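Enquirer:
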Amino acid sequence: MIEILNPGELARARETGALVAHVLQTLKARSTVGTNLLEIDRWARDMIEEAGAESCYVDYAPSFGRGPFGHHICTGVNDAVLHGLPHDYALADGDLLTLDLAVSLAGIAADAAVSFVVGDARPPGSLALIEVTERALSAGIAAARPGARVGDVSHAIGSVLTGAGYPVNTQFGGHGIGSTMHQDPHVSNAGRPGRGYELRPGLVLALEPWVMADTAELVTDPDGWTLRSATGCRTAHSEHTVAITDDGAEVLTLPAAAGLPG
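Next comes the structure, spelled out in structure tokens:
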């Protein structure tokens, strides 16, 4: 299903996006050396419930997971890049942490992710991984405009990732979003320009470049959810929800939209 949101629904999407940005940035600031992943999940739950919203993950049970997910946020550490199931782990200095959050407020969902290094240590290559996903995300957003095709967005993202020397996995990528978290169209992190669904005002997309340092192969943890790099290398993931407007793409999950620094 592909939804085109009307002006009233887009206004609600902005509110949801601002909430997602606020929660993510608050959790990022609170995630320090010694913080337990289960604490992060509890903090996310409390903030979401206080806002009168719902996590899109608690009851999430797709065919590829061992569902329901049962937690409020995805927490991936180091080699865990997608669907990181919160568990009893205390963050260490230099850990590369990815927080991925999808929330529904007033019937409209928004989805975003941020990767960052915890503490003062800066293990080799970690900041470069993060930076390339952020740069690829910016390229995808710039390509997302009325009349463009999904392939144009995928090509823009993939060109940055491969241009920096990283292999690209196309099993998981961006997606449409609206009254539900995951909708068509699928937005791969590599693609051919000029192909696929034509973007139009009112379409909302979650764009999410992610990379693994030296492989394109994923493995699944025994928990049935957490996806890791097959080689144990570090990973990073950046994501924003954007609305296609007459003028281009409006980013709904920018930290600035929540009155917070980036």
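All residue numbers for the sequence shown refer to our numbering, where the first residue is 45 and numbers rise by one. C-beta atoms are modelled at their ideal positions from N, C-alpha and C, and glycine is treated no differently. Quick caveat: nothing in here was measured; it's all calculated off a predicted structure.
1. Out of 291, 288, 258, point me to the one whose CA is closest to residue 278's CA.
2. In or out: residue 69 buried (at least 16 other Cβ within 10 Å) or exposed?
3. Strictly by DSSP, which residues pair up with residue 295?
4. Which residue spans inside the region 166-233 form an unbroken beta strand (DSSP E) run of at least 3?
5. Using beta-carbon positions only, say whether residue 75 and residue 146 come within less than 9 Å of one another.
6. Sort out for me which residues DSSP pairs residue 79 with in a bridge.
7. Mark residue 214 as exposed unless 16 or more other C-beta atoms lie within 10 angstroms of its C-beta, in which case mark it buried.
8. If we count the other Cβ atoms within 10 Å of its Cβ and call it buried at 16 or more, is residue 57 buried or exposed?
9. Please determine, among 49, 121, 153, the residue with the shortest C-alpha to C-alpha distance to residue 265.
10. State yes or no: is the C-beta of residue 134 within less than 9 Å of the C-beta of residue 206?
11. Which partner residues does residue 160 have in the DSSP bridge list?
12. Can you find at least 3 beta carbon pairs, one from the region 194-211 and one from the region 228-237, that sit closer than 8 Å?
13. How many Å lie between residue 54 and residue 91 at the Cα?
14. Look at the alpha carbon of residue 208 and the alpha carbon of residue 298, and state the distance between them as a whole number of angstroms.
15. If you draw a straight line from the C-alpha of residue 304 to the C-alpha of residue 95, how long is it?
16. Where does residue 254 fall in DSSP's three states?
17. Where DSSP assigns a beta bridge to residue 98, which residues make up the other side?
18. Report the start-end ranges of each beta strand (DSSP E) in the region 101-134 that is 3 residues or longer and not cut off at the edges.
19. Specify the secondary structure class of residue 249 as computed by DSSP and reduced to three states.
20. Closer than 6 Å by C-beta to residue 292: which residues in its own chain qualify, once you throw out the five before and the five after it? Chain order, please.
21. Under 8 Å by Cβ, that's how I've got residue 26 and residue 162 pegged, so tell me the actual separation to the nearest angstrom.
22. Measure the C-alpha to C-alpha separation of residue 45 and residue 195 and round it to an integer number of angstroms.
23. Are there 16 or more other CB atoms within 10 angstroms of the CB of residue 263, so buried, or fewer, so exposed?
Expert: From the atom records:
1. Answer by Cα proximity: 258.
2. Its Cβ being crowded by 16 or more others within 10 Å, residue 69 is buried.
3. Here residue 295 is bridged, per DSSP, to 286.
4. Uninterrupted beta strand (DSSP E) stretches at least 3 residues long and entirely within the region 166-233 occur at 218-220, 227-231, given in chain order.
5. Taking 9 Å as the Cβ cut-off, residue 75 and residue 146 do not qualify as a contacting pair.
6. Answer is none; residue 79 lacks a bridge partner.
7. By the Cβ-count criterion, residue 214 is exposed, with fewer than 16 other Cβ atoms from all chains shown falling within 10 Å of its own Cβ.
8. Classification of residue 57: buried, given that the 10 Å Cβ count is 16 or more.
9. The candidate whose alpha carbon is nearest that of residue 265 is 121.
10. It is not a contact, given that the beta carbons lie outside the stated cut-off.
11. Beta-bridge analysis with DSSP links residue 160 to 141.
12. Inter-segment contact for the region 194-211 and the region 228-237 is present: three or more beta-carbon pairs are separated by less than 8 Å.
13. Roughly 22 Å separates the two Cα atoms.
14. Straight-line Cα distance between these residues: approximately 25 Å.
15. Model confidence at residue 304 stands at a pLDDT of 38, short of 50, so the residue's coordinates are unreliable; what they give is reported in the following sentence. When rounded, the distance between both Cα atoms is 17 Å.
16. Note: residue 254 maps to strand in three-state DSSP.
17. 148, per the DSSP bridge assignment.
18. Qualifying beta strand (DSSP E) stretches, in chain order: 118-121, 124-126.
19. Three-state DSSP puts residue 249 in a strand.
20. Listed in chain order, the non-local C-beta contacts of residue 292 below 6 Å within the same chain comprise 189, local neighbours out to five positions each way being set aside.
21. It is not possible to answer for residue 26, since the shown part of the chain is limited to 45 through 306.
22. Cα-Cα distance, rounded: 18 Å.
23. Residue burial is scored here from C-beta neighbours: residue 263 has fewer than 16 other C-beta atoms within 10 angstroms and is therefore classed as exposed.
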